[in-house]
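With UniProt numbering applied, the sequence shown corresponds to residues 1 to 334, in that order. First the structure, in the form of structure tokens, and then the observations on it.
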Amino acid sequence: MDDLKYGKRNKRGDWAPDEPAGNAPLFTFPPRPLALLKWLPSYFLPYNLLFALSAVAWWHYVLPDVEVMKTLAFGWIAKLFLVNCAALLLFFGAFELRLYILRAQGNRFKYNGKWPSEQKSKAFFFENQNLDNMLRTFGTGMPIWTAIEVAILYAYANGYVPWLTVAEHPVYLFCLALVVPIIHETHFFLLHRAIHWPPLYKWVHSVHHNSVNPSPWSSLSMHPVEQFGYLGVAFWHLIIPSNPLLALYQLHYAGFGAIPGHVGFDKVELGEDTSIDSHAYIHYLHHKYFEVNYGDGLIPFDRWLGTFHDGSKEGEARMQARYEKKKARANAAQ
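In structure tokens:
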């Protein structure tokens, strides 16, 4: 595919789409029903449906019987941990292999013209971004992921929280499944704003922002506190009446779903004329500019609070104006 039909590349080799980034037409006023209908398939495909099906697969083929999950036994927990690690290795690794190791589509649709493997930095373990990101992902991220998963399943199995069945509550649970991405977006935005508070940013969130040029393994490369907070979105299903399968979906949506925003490419080519949109541009701009786009665009939180950057010159001007006001307030306080 010719990426210059869809965007422009600057002298540094960085590519940007012609169309500014936008929010989903889900919370717009006045309503835009035609735009909503056109957008609706992308709410499910390809990622949301994939993560939902993965939760179903875990429930039927990976997890033991409920009676077994009533006790915290090493066997089923170790199996779950190993399956989680293997699945993440395959899923994230597929993007890494195709886009960054084989470089199957070169730098077409790549936001940052540089390759992380060619940039050494003392911010990373062994000055290597990929190695650092993988060590953080599997060293702390996957144990935390599995611990959250086990805690939720243990709570449901022992009746510590209400377990709504599909047979008795089909409509409610179907609607709850539909809003899993909305729960994620709200949780992520609130957490993300909190960890940009200077003390938390310095000690926690800066670890993730070391990857200014993110790649697939940057997705869950975070400080353990942030990993727990981010993946802890699944705990909402212990608070609201729900079902353990939906809690799994919520966790998979956060864990596996971290990759689209960090893949580093606007489109992943499948053939000469076909591709999948990554929907990564909004979050890439956050990694580039730090203080914009705290959400992923499903809900227009950033537009409402004045922190949205769509990648356009106008967005750049709004960001710079906000920086100048912030600088003036800081100087006035001295």
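Every residue, glycine too, gets a C-beta built ideally from N, C-alpha and C.
Which word fits residue i, buried or exposed, when buried means at least 16 other C-beta atoms lie within 10 angstroms of its C-beta?
i, result
"glutamine 250", "buried"
"threonine 307", "buried"
"tyrosine 160", "exposed"
"aspartate 18", "exposed"
"phenylalanine 124", "buried"
"leucine 10", "One point to set straight first is that residue 10 is asparagine, not leucine, in the sequence displayed. By the 10 Å Cβ count, asparagine 10 comes out exposed."
"isoleucine 148", "buried"
"proline 181", "buried"
"phenylalanine 109", "buried"
"glutamate 269", "buried"
"glycine 139", "exposed"
"phenylalanine 44", "exposed"
"aspartate 273", "exposed"
"asparagine 23", "buried"
Tell me which same chain residues have a C-beta within less than 7 Å of the C-beta of residue i, skipping the five on either side of it?
i, result
"leucine 173", "Leu164, Val166, Asn243 and Leu246"
"proline 64", "Trp76"
"tryptophan 217", "Phe92, Glu96, Asn130, Asn133, Met134 and Thr137"
"leucine 176", "Ser242 and Leu246"
"arginine 12", "Gly113"
"proline 260", "Tyr47, Ser278, His279 and Ala280"
"alanine 194", "Leu200"
Using a Cβ-Cβ cutoff of less than 8 Å, which residues in the same chain neighbour residue i once the five nearest sequence positions on both sides are dropped?
i, result
"lysine 120", "Glu127 and Asn128"
Between the Cα of residue i and those of the options, spot the shortest distance and give me the residue it belongs to.
i, options, result
"residue 378", "Lys8, Trp115 and Asp132", "An answer regarding residue 378 cannot be provided, because it is not within the stretch 1 to 334 covered by the chain."
"proline 25", "Arg9, Ser42 and Trp15", "Ser42"
"serine 221", "Phe256, Glu185 and Leu40", "Phe256"
"valine 68", "Arg322, Leu153, Val83 and Leu89", "Leu153"
"alanine 78", "Val62, Leu90, Leu88 and Leu45", "Val62"
"glutamate 226", "Pro260, Lys202 and His309", "Lys202"
"glycine 106", "Asp296, Asp266 and His192", "Asp266"
"threonine 71", "Ala155, Phe189, Pro20 and Phe81", "Ala155"
"residue 357", "Arg193, Leu82, Lys122 and Gly261", "Examination of residue 357 is not possible in this model, given that the chain is present from 1 through 334 alone."
"tyrosine 47", "His279, Lys327, Glu314 and Glu324", "His279"
"glutamate 185", "Phe301, His208 and Leu34", "Phe301"
"valine 150", "Val204, Arg329 and Leu231", "Leu231"
"tryptophan 59", "His252, Met1, Val207 and Arg303", "His252"
Where do the N-terminal and C-terminal ends of the alpha helix (DSSP H) with residue i fall, by residue?
i, result
"tryptophan 236", "236-239"
"glutamate 185", "180-194"
"lysine 267", "Looking at the DSSP string, lysine 267 is not in any alpha helix (DSSP H); the run it does join, the beta strand (DSSP E), is 267-269."
"alanine 78", "74-95"
"tryptophan 15", "Run containing tryptophan 15: none in the alpha helix (DSSP H); it sits in the beta strand (DSSP E), 15-17."
"residue 345", "Nothing can be reported for residue 345, as the shown portion of the chain is limited to 1 through 334."
"glutamate 314", "313-333"
"serine 219", "First-last for serine 219: undefined, no H or E at that position."
"alanine 123", "First-last for alanine 123: undefined, no H or E at that position."
"lysine 288", "281-289"
"serine 206", "206-209"
What are the boundary residues of the beta strand (DSSP E) that residue i is part of?
i, result
"serine 275", "275-277"
"arginine 9", "7-9"
"tryptophan 58", "Segment: none, tryptophan 58 is in no beta strand (DSSP E) and carries neither H nor E."
"alanine 155", "No beta strand (DSSP E) holds alanine 155; the alpha helix (DSSP H) holding it covers 142-157."
Cutting at 6 Å between CB atoms, please list the residues of its own chain near residue i, excluding the five before and the five after it.
i, result
"tyrosine 284", "Tyr111"
"histidine 187", "Val233"
"glycine 7", "Trp15, Ala16, Pro17 and Asp18"
"glycine 141", "Leu220 and Gln227"
Counting only beta-carbon atoms, is residue i nearer than 8 Å to chain C?
i, result
"glycine 297", "The displayed structure is made up of one protein chain only, and chain C is not part of it."
| Hey, is the stretch 20-34 in contact with the stretch 48-60, meaning 3+ C-beta pairs nearer than 8 Å? | no
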